[in-house]
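Some notes on the structure that comes next.
In my numbering, the protein residues as written are 282 to 469.
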């Protein structure tokens, strides 16, 4: 699937989800059996591990549609990057969607300086907030998403993300999930 078509498919699914018109595609026994031997997700979602933000529901997708990388603060370290690269290079995902969300606890903890149990995550969020003062949680979450998107976009040709992006086969975008409305807003 072309990157722009993948993004459109995600956003259409979010529209259904936000308006309580879920189709629940690809959740049949037939679909499960069809993907036993091979998966071919059209998008990678880099999302937070927060229990309120399950990508398959937010984007109304089913089995085998999305390759999900979830970690507090939707950060990307070496392990997450390996997963993203695998999905892009070997599974054919044409879109990487970095999704932050309203009231993110990890980003909020970094803002408050309360990172005692999440030091590794906090160290990946901190550069996105560096030099920015008096940020709201929403602004900090969005800054974190933009930072991660830019980091992924800046990967050189030595990475699958870099060379697939350069070839027009992969797109990296970011969004912000509003818990109250259920809508995902594109931010980068």
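In this text, a Cβ means the ideal position worked out from N, Cα and C, and glycines have one as well. This one's a predicted model, so the numbers in the text were calculated from it and none came from an experiment.
In chain order, what residues of the same chain lie with their CB nearer than 7 Å to the CB of residue i, ignoring the 5 residues before and after it?
i	result
residue 460	333, 382, 383, 384
residue 437	443
residue 366	440, 441, 442
residue 391	403, 406, 407, 410
residue 394	none
residue 318	none
residue 474	Residue 474 lies beyond the stretch modelled for the chain, which goes from 282 to 469, so this question has no answer here.
List the residues that DSSP assigns as beta-bridge partners of residue i.
i	result
residue 429	Paired residue(s): none; residue 429 is not in a bridge.
residue 467	456
Leaving out the 5 sequence neighbours to the left and right, which residues in its chain are closer than 8 Å to residue i when beta-carbon positions are compared?
i	result
residue 454	288, 376, 377, 378, 379, 430, 467, 469
residue 307	342, 343, 344, 345, 346
residue 284	375, 376, 449, 450, 451, 452
residue 331	353, 382, 385, 386
residue 361	327, 350, 352
residue 470	Past the edges of the chain, shown from 282 to 469, lies residue 470, and the structure says nothing about it.
Which whole-angstrom value is the C-beta distance of residue i and residue j, which I expect to be below 8 Å?
i	j	result
residue 235	residue 457	Any answer about residue 235 is impossible in this case: the structure gives the chain only from 282 up to 469.
residue 236	residue 351	One cannot answer for residue 236 here, as it falls past the ends of the chain, which runs 282 to 469.
residue 299	residue 435	Contact flag wrong, Cβ pair sits at about 32 Å.
residue 432	residue 357	7 Å
Can you list, in chain order, the residues of its chain with a C-beta nearer than 6 Å to that of residue i? Leave out the 5 residues immediately preceding and following it.
i	result
residue 282	323, 375
residue 396	390, 403
| field | Cβ pair count under 8 Å reaching 3, the segment 416–429 against the segment 444–451 | value | Contact between the segment 416–429 and the segment 444–451 is absent, because fewer than three Cβ pairs lie under 8 Å.
| Are at least three pairs of beta-carbons, each pair with one atom in the segment 285–299 and one in the segment 331–345, less than 8 Å apart? | Segment contact: the segment 285–299 against the segment 331–345, three or more CB-CB distances shorter than 8 Å; contact assigned.
| Are the segment 364–374 and the segment 319–327 touching by the rule of at least three beta carbon pairs closer than 8 Å? | Yes, the segment 364–374 is in contact with the segment 319–327.
| task | Note down, one range per segment and in chain order, each beta strand (DSSP E) of at least 3 residues found wholly within the segment 320–357. | result | Whole beta strand (DSSP E) segments, 3+ residues: 324–328, 347–351.
| Where are the beta strand (DSSP E) runs, 3 residues long or more, that stay fully inside the segment 375–404, in chain order? | Assignment of beta strand (DSSP E) within the segment 375–404, counting only whole runs of 3 or more residues, yields 376–382 in chain order.
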